[in-house]
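In the working numbering, the protein residues as written are 31 to 166.
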């Protein structure tokens, strides 16, 4: 007789335990994707996490096609996805939490937004030359 904890791999069970809260179900799924990744090494698994969790163009040389990629999309969701997937890889390859904490996605950093000078909400005072003439 099989018990529920035997229905999935030990790696999958660790993901279920780590992401047990109801609101963490999506991250549990991505953790299990790390467990089931095709790569045979820790590095291969991390590469698959990058592919799974970040939007890339589906059609080569067509940046717009990234919108049809099935990854989470929003940057904070992609980061959470990546962290969960890496956790699955770590469970699978028995990697220590110290090494896991040093892993970052291989994505270029977002460009810094230049701060534009704020415009005043109050119009500057007009000189008498700027006022329309009301004489007839």
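Glycine is no exception: its CB is placed at the ideal position from the N, C-alpha and C atoms.
- By the beta-carbon neighbour count (other beta carbons within 10 angstroms, threshold 16), residue 76 is buried.
- When C-alpha distances from residue 133 are compared across 123, 65, 112, the shortest belongs to 112.
- If you draw a straight line from the Cα of residue 122 to the Cα of residue 115, it is about 11 Å long.
- Put simply, the backbone Cα of residue 79 is about 22 Å away from that of residue 52.
- Note that the C-beta distance between residue 119 and residue 72 is below 8 Å.
- Just so you know, the alpha carbons of residue 82 and residue 65 end up roughly 13 Å apart.
- Residue state for residue 107 is assigned as helix, using DSSP reduced to three classes.
- In the assembly as shown, residue 108 is a buried residue. Its beta-carbon has 16 or more other beta-carbons within 10 Å.
- Collapsing the DSSP output to three states places residue 120 in a helix.
- In the structure shown, residue 47 adopts helical secondary structure according to DSSP, grouped into three states.
- Assigned with DSSP and collapsed to three states, residue 74 falls in helix.
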